[in-house]
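Under full-length UniProt numbering, read the sequence shown as residues 1 to 110, first letter to last.
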Amino acid sequence: MGRKVYTGKENPKIVLVTAFDFNKYDDAYLKAVADNRIKYTKQHGYGLYERWVEEFVPRLQETGNLGTDWWKVILLREAINAFPHAEYFWFLVREVTYCAKRHSYRKFPS
């Protein structure tokens, strides 16, 4: 199943949500991106919810939505269930990496 990473707070205010596609990217790239996100969320006290896109294929097939982006809705719903006390959920595309790690998303308006 997926994983959730608590970053020192049992109930983080902000949770970053993303999914990886192991059919599109190699293992080394996925590991580097996952490590990058874990470091960033720990540094800023955010929660992190990551899953594999492929986990949603059976549900999408059942509903006739395979090949669509409906997996994102399912992913966000499951992140909300995993972190029921969080106030903000930010969905990140798979290609995002954090270069300026000292900057927090809190500085930007929502």
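Beta carbons: idealized from backbone N, C-alpha and C, even for Gly.
- Between the stretch 81-91 and the stretch 51-70 there are fewer than three C-beta pairs closer than 8 Å, too few to call the two in contact.
- Burial state of A19 is buried, judged by a 10 Å Cβ sphere holding 16 or more other Cβ atoms.
- Judged by DSSP secondary structure, Y49 falls within the beta strand (DSSP E) whose first and last residues are G47 to W52.
- Counting C-beta atoms within 10 angstroms of its own C-beta, Y46 has 16 or more neighbours from the protein chains shown and is therefore classed as buried.
- Residue environment for V15: buried (at least 16 other C-beta atoms within 10 angstroms of its C-beta).
- Approximately 7 Å separates the beta-carbon atoms of V17 and L92; this is inside 8 Å, confirming the contact.
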